Each structure stands twice: as C-alpha cells, then as structure tokens.
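All remarks here apply to the structure that follows.
Residue numbers (this note's numbering): 14 to 181.
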C-alpha cells in the first residue's frame, strides 16, 4: 500500500511539473518584449467597412529604417471570439490561395488572433528587421520570422496582390 501511495504521489508531482512547463511554453506574453512603434510615420490610413458596418480603422506606419507596422483599432462595441476566428480564417484563405489551414504554424497564428475584441482594442502587426510581432493592446501575442509562411500569409491580407484595403 505504501508503494502505491508513493507511486501516485510521484505521478502527481511529475504531472504538475509537466503542466507548469506547458503553461510557460504557451505564455507568449512572457517570451517576447513588446516592440514600440511610436517613432514610425504614417504612410496611409483607412477604415475597413463591410456591409455598411465599420470594423476597424487601419493605419500603415513605417520607420526610418524601413520597418513597418499595421495598426488595427476596432470600432464595434464587441466582436466575439468566434467572429474574430472566422474572419481571420476567411481572410487568410481569400488572400492566400492554396494555404493549408491545418498546418500547425498557421493554426498557431489563428489561435493567437482568436480573442474577443471590444471598441478601441488595438492589434498591431509589426515587422522589424527579420521578425514579425503581433500585439494585442501592447501585449505580445505572437512572434515569428518575417519570412515565415504564417507571417507572409498574414501580410498578404493587407498588402498582397488583392488587399482587403485598397488604400494600403
């Protein structure tokens, strides 16, 4: 009996340790320092409207070094996580013919953008050197190489051959 109790305690300790490591690995807020874009200059701005409803104001910014940022400031009172996820998937598919939405890296990108949004929430997509970072109200939610397939797929939504916003 004593061995069974000892064995169960060891399993619980190992499971707790594994769970805590998993949480640390998933917490992107702790992994990356948030990049500032305060000194970037405005290149263009627009409002994304669909079916007579304004969804977000978008600003395209550039730094002196050539780095760029897209700032999306949401205008509806509330967008549910489900609506944001669906819109993200549809935008990725429409802007990237042949994209594999089951690819684990693409799925991580979608998951990082799957959050409920309220009026004045800001999503910043910042390209700095060889990296891309996504911030939600100045907290980093995702980071990847600028040349990665998920970064290129995201950029194509606004800056690809058929951008959702003609002004950009």
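The beta-carbon is built from N, C-alpha and C at its ideal position, and this holds for glycine as well. Just so it is clear, the structure is predicted and the values come from calculations on it, not from any experiment.
{"Query": "Do the CB positions of residue 127 and residue 94 come within less than 8 Å of each other?", "Result": "yes"}
{"Query": "Measuring only between beta-carbons, confirm whether residue 91 sits less than 8 Å from chain B.", "Result": "No chain B is part of this structure, which consists of one protein chain only."}
{"Query": "Which of helix, strand or coil does DSSP assign to residue 137?", "Result": "strand"}
{"Query": "Between 77, 110, 73 and 52, which lies nearest to residue 136 when the distance is taken from Cα to Cα?", "Result": "73"}
{"Query": "State buried or exposed for residue 54, treating a residue as buried only when at least 16 other CB atoms are found within 10 Å of its CB.", "Result": "exposed"}
{"Query": "For residue 55, write down the residues that DSSP places opposite it in a beta bridge.", "Result": "74"}
{"Query": "Report the residue from 151, 171 and 106 whose alpha carbon sits nearest the alpha carbon of residue 133.", "Result": "151"}
{"Query": "Evaluate residue 190 with the Cβ neighbour count: other Cβ atoms within 10 Å of its Cβ, from every protein chain shown; 16 or more gives buried, anything less gives exposed.", "Result": "One cannot answer for residue 190 here, as it falls past the ends of the chain, which runs 14 to 181."}
{"Query": "Between the alpha carbons of residue 169 and residue 104, how many angstroms are there, rounded?", "Result": "9 Å"}
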